[in-house]
Amino acid sequence: MVGEHAAFDAAAFLEPWLDTDTVPYLSWSSSAEPTSAGGTRVTVTLRQLQRTPFLLAVPLRLLTSRAARDTTVWLRSSQQSWTFDLPGEWKGLEVDPDGWLLAARRPLPDPPVRLLNVHPDPAGPEGATISFRVSQSGPVAVELVDATGRRHGRWDLGTLAAREEPYPWRWRGDDGQGRPVASGIYWLSVNGGGRRSVVKVALVR
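Heads up: the sequence shown at position 157 corresponds to 175 in this note's numbering, and the numbers run straight through without jumps.
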């Protein structure tokens, strides 16, 4: 009877629950990058840590500086990712915010460094300011590369402490040695803890 009315394969949904006495064990992570329209593109990844994956409808609450968006995604395998374009600056993710899902939940730790935004974009002769969050104390550096992958500059920012408040850093449109770089498309990369977070920026002189 369930299979006649459901919009999905009810057998696939029920089978893991009938064949085991375990429950799903979920972990998740999210990453965000600014968009040219002034919003944020967010990628959410969910993982099932138990041996047998379940078919799960997982409620998500996506939080930005301008809105809270509720949505539900179908997790059909051990790991899946979804991308959302949202207004405003990314603030965070709540998985199953109302506690409806029968599952153990554990968020994955944030990446050591995460770029949040760049302003202005396109950048003028004075450059642009990036903001980034550090969740693991340690040395942090910024690199500037062009579309071919050639590195045009590097700035060692020293050891930065982990904190919730974003760090601001200003790129002055130069190569790190005081020499201005030409107009074009570049990528600013914040590196720390063995990871990097990258944002694209256009420079117009």
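The C-beta atom is built at its ideal place from N, Cα and C for all residues, glycine as well.
On a predicted model such as this, the values are computed, not experimentally measured, just so you know.
Classify Leu74: buried if its beta carbon has 16 or more other beta carbons within 10 angstroms, exposed otherwise. On the sequence shown, residue 74 is found 56 positions in, with the first residue counted as 1. When all chains shown are included, Leu74 counts as buried.
To the nearest angstrom, how far is the alpha carbon of Ser83 from that of Arg188? Locating residue 83 in the sequence shown gives position 65, where the first residue counts as 1. Locating residue 188 in the sequence shown gives position 170, where the first residue counts as 1. Answer to the nearest angstrom: the Cα atoms are 22 Å apart.
Identity of the residues DSSP links to Val163 by a beta bridge: Here residue 163 refers to the residue found at position 145 of the sequence shown. According to DSSP, Val163 bridges with Arg169 and Trp205.
Do Pro184 and Arg149 come within 8 Å of each other at the CB atom, strictly closer than that value? Locating residue 149 in the sequence shown gives position 131, counting from the first residue. Locating residue 184 in the sequence shown gives position 166, counting from the first residue. Checking the sequence shown, residue 149 turns out to be Ser, not Arg. The answer is yes: Cβ separation under 8 Å.
Specify, as a first and last residue, the run of the beta strand (DSSP E) that Ala55 falls within. Mapped onto the sequence shown, residue 55 falls at position 37. Neither: Ala55 is in no beta strand (DSSP E) and is coded neither H nor E.
Beta strand (DSSP E) containing Glu182: first to last residue? Along the sequence shown, read from residue 1 onward, the residue named residue 182 stands at position 164. Its beta strand (DSSP E) spans residues Arg181 to Trp189.
If we count the other Cβ atoms within 10 Å of its Cβ and call it buried at 16 or more, is Ser54 buried or exposed? Sequence index remark: in the sequence shown, residue 54 carries index 36 (1-based). Result: exposed.
Could you check whether Ser215 and Leu133 sit closer than 8 Å to each other, using their CB atoms as the reference points? Numbered from 1 along the sequence shown, position 115 holds the residue referred to as residue 133. Numbered from 1 along the sequence shown, position 197 holds the residue referred to as residue 215. For Leu133 and Ser215, yes; Cβs fall inside 8 Å.
Grouping DSSP H, G and I as helix and E and B as strand, with all else coil, what is Asp192? One-based indexing of the sequence shown puts residue 192 at position 174. Three-state result, Asp192: strand.
Count the other C-beta atoms from every protein chain shown that fall within 10 angstroms of the C-beta of Ala165, then say buried if there are 16 or more, exposed otherwise. Counting from 1 along the sequence shown, the entry for residue 165 is found at position 147. Looking at its Cβ environment, which holds fewer than 16 other Cβ atoms inside 10 Å, Ala165 is exposed.
CA-to-CA distance, Val158 to Ser47, given in whole angstroms: The residue given as residue 47 occupies position 29 in the sequence shown. The residue given as residue 158 occupies position 140 in the sequence shown. Straight-line measurement puts the Cα of Val158 at about 22 Å from the Cα of Ser47.
Continuous beta strand (DSSP E) stretch holding Gly110: start and end: Here residue 110 is taken as the residue at index 92 of the sequence shown, counted from 1. It spans Trp108 to Val113 - the beta strand (DSSP E) in which Gly110 sits, taken as one unbroken run.
If we ignore side chains and look at the alpha-carbon of each, how far apart do Leu81 and Leu64 end up? The count along the sequence shown starts at 1 and reaches residue 81 at position 63. The count along the sequence shown starts at 1 and reaches residue 64 at position 46. Looking at the two C-alpha atoms, the distance is approximately 17 Å.
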